[in-house]
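Enquirer: For the sequence shown, our numbering begins at 8 and goes up steadily by one. Just so you know, even glycine gets a beta-carbon here, dropped at the ideal spot from N, CA and C.
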Amino acid sequence: MRKEQLLKRFTEIYGDGGEIQCFFAPGRVNLIGEHTDYNGGHVFPCALTIGTYGAIRRREDGKLRFYSMNFEKMGVLESDLSHLKPSKEAGWSDYPKGVVWAFEKKGYSIPQGFDFLVYGNIPAGSGLSSSASLEVLTGLMLKESYGFEKLSMVDIAQIGQYSENNFNGMNCGIMDQFASAMGKKDHAIFLDTATLQYTYAPVKLDHAKIVITNSKVKHSLVDSKYNERREQCEEALKDLKNVTQISHIQTLGDLSRETFEMYEAAIKDPICRMRARHAVCENQRTIDAVQALKAGNLEEFGRLMNASHVSLRDEYQVSCSEIDILVSLAWETPGVLGSRITGGGFGGCTVSIVENDAVDMYQSVAGESYEKQVGHRAEFYVVDIGDGAYAF
Ligand code: GLA
8 MRKEQLLKRF
18 TEIYGDGGEI
28 QCFFAPGRVN
38 LIGEHTDYNG
48 GHVFPCALTI
58 GTYGAIRRRE
68 DGKLRFYSMN
78 FEKMGVLESD
88 LSHLKPSKEA
98 GWSDYPKGVV
108 WAFEKKGYSI
118 PQGFDFLVYG
128 NIPAGSGLSS
138 SASLEVLTGL
148 MLKESYGFEK
158 LSMVDIAQIG
168 QYSENNFNGM
178 NCGIMDQFAS
188 AMGKKDHAIF
198 LDTATLQYTY
208 APVKLDHAKI
218 VITNSKVKHS
228 LVDSKYNERR
238 EQCEEALKDL
248 KNVTQISHIQ
258 TLGDLSRETF
268 EMYEAAIKDP
278 ICRMRARHAV
288 CENQRTIDAV
298 QALKAGNLEE
308 FGRLMNASHV
318 SLRDEYQVSC
328 SEIDILVSLA
338 WETPGVLGSR
348 ITGGGFGGCT
358 VSIVENDAVD
368 MYQSVAGESY
378 EKQVGHRAEF
388 YVVDIGDGAY
398 AF
């Protein structure tokens, strides 16, 4: 999306005049470390070059006006600074509204309203974080337009998460907003979600590509199933904290696999035990995978991705038949080093590491077989890793 196109549509919708500022915030793909971020574990996502573009102009009154080039039929959605409540009619605008609300809650008062226009090129329902990118976009826009200079990009990620948790009712962790705000071209972010300490790891692979495969399915009740997983982990943690020897732990991420195995019997509910086992082992896999990548051992990285999928499928139970088909097809293709579900689950995308020579073969063989088995086509994207949110 070029700046001129965005500005042109903005003035068509809202009229000429005043200062209009433009911003972009990317979506993300997570390479490994799934459902660890709300368990104080590690994640390893990277920002994509697709995401959400936005243009904003401040108003003199308290009105908030929203327009999406993706949902033109919805027209201009209106709200007011004094009435910031989620509503069914608000549709997608509940995300930016939530961020305004969260700014107020955190003490960054927005004195006047704005006109806001967005355009996103993340495929709908793909699990590549279109909502987090919209939240980070809104956060950056508010910071720049209303002069909150002290706010860092990490603060903006945290405000985005806060609004999604408390305004939109999805109890997500920090990974998606962090990746959208803090991404770096050609790098993945190795983030410790307990401390928010992070390092960038170069992911310019010489002989392989990262390929996202979109199953084009999104099963219903994703948010409630996600929140349920989170509660199950919290229950497991509560039981473990009752064990004197490990009563000091703050999160499941504080446990090594060995210590967990020693005390896992203390978790009363077998389902919660299984969920916790995933969280602890996935955290270890993520740490190991980053080490393997640094050592140039892509085969080991791929093996850990595969193990991550098995655990998400069998222990965390957030996969689905369509995704399992895609992953199996990838595993069967020579030259695919690793493949797994990525993101929250219950549909969405897989992420695979595929040797350069095998990329075409993987797309055609897996694509054809998937269509035969499922009845619709998958979509493939060879990933470019981009920067975090910026003004342009
Ligand atoms: C969603 C959430 C993230 C994270 C992933 C699973 O994308 O928004 O915080 O929990 O699921 O890893």
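Looking at H42 and H285, is the spacing between their C-beta atoms short of 8 angstroms?
Expert: The residue labelled residue 285 in the question sits at position 278 within the sequence shown. The residue labelled residue 42 in the question sits at position 35 within the sequence shown. Going by C-beta atoms, H285 is nearer than 8 angstroms to H42.
Enquirer: Heavy atom of the ligand GLA less than 7 angstroms from the Cβ of N313, yes or no?
Expert: Your numbering for residue 313 matches position 306 in the sequence shown. No; taking the cut-off as 7 angstroms, the Cβ of N313 has no heavy atom of the ligand GLA nearer than that.
Enquirer: At which residues does the beta strand (DSSP E) containing L13 begin and terminate?
Expert: Residue numbering aside, residue 13 sits at position 6 when the sequence shown is read from its first letter. First-last for L13: K10 to Y21, but that is the alpha helix (DSSP H), not the beta strand (DSSP E).
Enquirer: Cβ atoms of A283 and C53: under 8 angstroms apart, would you say?
Expert: The sequence position of residue 53 within the sequence shown is 46, counting from 1. The sequence position of residue 283 within the sequence shown is 276, counting from 1. Cβ atoms of C53 and A283: not closer than 8 angstroms.
Enquirer: Does the distance between the C-beta of N37 and the nearest non-hydrogen atom of the ligand GLA fall short of 7 angstroms?
Expert: If you number the sequence shown from 1, residue 37 lands on position 30. It does: the Cβ of N37 is within 7 angstroms (strictly closer) of some heavy atom of the ligand GLA.
Enquirer: Please state the DSSP three-state secondary structure of G34.
Expert: Against the sequence shown, residue 34 aligns to sequence position 27. Of the three classes helix, strand and coil, the one that applies to G34 here is strand, per DSSP.
Enquirer: In whole angstroms, what separates the C-alpha of Q257 from that of E142?
Expert: Taking the first residue of the sequence shown as 1, we reach residue 257 at position 250. Taking the first residue of the sequence shown as 1, we reach residue 142 at position 135. Straight-line Cα distance between these residues: approximately 28 angstroms.
Enquirer: Straight-line CA distance for T266 to V325?
Expert: Within the sequence shown, the letter at position 259 stands for residue 266. Within the sequence shown, the letter at position 318 stands for residue 325. Rounded to the nearest angstrom, the gap between the Cα atoms of T266 and V325 is 25 angstroms.
Enquirer: List in chain order the residues whose CB is within less than 5 angstroms of at least one heavy atom of the ligand GLA.
Expert: E41, H42, D44, C179, G180, M182, D183, G350 and G351
Enquirer: Is K15 closer than 8 angstroms to F399 when the C-beta atoms are compared?
Expert: Counted from its first residue, the sequence shown places residue 399 at position 392. Counted from its first residue, the sequence shown places residue 15 at position 8. Not in contact: F399 and K15 (Cβ atoms no closer than 8 angstroms).
Enquirer: Would you call H389 buried or exposed, if buried means 16 or more other Cβ atoms sit within 10 Å of its Cβ?
Expert: Here residue 389 refers to the residue found at position 382 when the sequence shown is read from its first residue. Here residue 389 turns out to be Val, not His, going by the sequence shown. V389 counts as exposed, since fewer than 16 other beta carbons sit within 10 angstroms of its beta carbon.
Enquirer: Return the bridge partner residues of N221 from the DSSP annotation.
Expert: As a first step, residue 221 must be located in the sequence shown, where it is residue number 214. DSSP output for N221 lists C356 and E386 as bridge partner(s).
Enquirer: Could you check which residue in E156, G154, D331 and A186 has the C-alpha nearest to that of Q165?
Expert: In the sequence shown, residue 165 corresponds to position 158, counting from 1. Of the listed residues, the one whose Cα sits closest to Q165 is A186.
Enquirer: Among E156, E386, S170 and Y21, whose alpha-carbon lies nearest the alpha-carbon of L71?
Expert: In the sequence shown, counting from the first residue as 1, residue 71 sits at position 64. Answer by Cα proximity: Y21.
Enquirer: DSSP has S227 in a bridge; who is on the other side?
Expert: Taking the sequence shown and counting its residues from 1, one reaches residue 227 at position 220. Partner(s): none; S227 has no beta bridge.
Enquirer: Tell me which same chain residues have a C-beta within less than 7 angstroms of the C-beta of I274, skipping the five on either side of it?
Expert: Along the sequence shown, read from residue 1 onward, the residue named residue 274 stands at position 267. Excluding positions up to five away in sequence, the list reads A243, D246, L247, R280 and A283.
Enquirer: How about G134 and G351: are their beta carbons less than 8 angstroms apart?
Expert: For the purposes of this step, residue 134 is taken as residue 127 along the sequence shown, with counting starting at 1. For the purposes of this step, residue 351 is taken as residue 344 along the sequence shown, with counting starting at 1. Yes; because the gap between Cβ atoms is below 8 angstroms, this pair is in contact.
Enquirer: Going by C-alpha distance, which of M189, Y60 and S376 is nearest S159?
Expert: Along the sequence shown, one-based indexing puts residue 159 at 152. The candidate whose alpha carbon is nearest that of S159 is M189.
Enquirer: Quick test of the definition: if touching needs 3 or more C-beta pairs under 8 angstroms, does the region 349-366 touch the region 208-222?
Expert: By the Cβ rule, the region 349-366 counts as touching the region 208-222, because three or more pairs are nearer than 8 angstroms.
Enquirer: By how many angstroms is the C-alpha of N172 removed from the C-alpha of D230?
Expert: As a first step, residue 230 is located in the sequence shown; it is residue number 223 there, counting from the start. As a first step, residue 172 is located in the sequence shown; it is residue number 165 there, counting from the start. About 11 angstroms.
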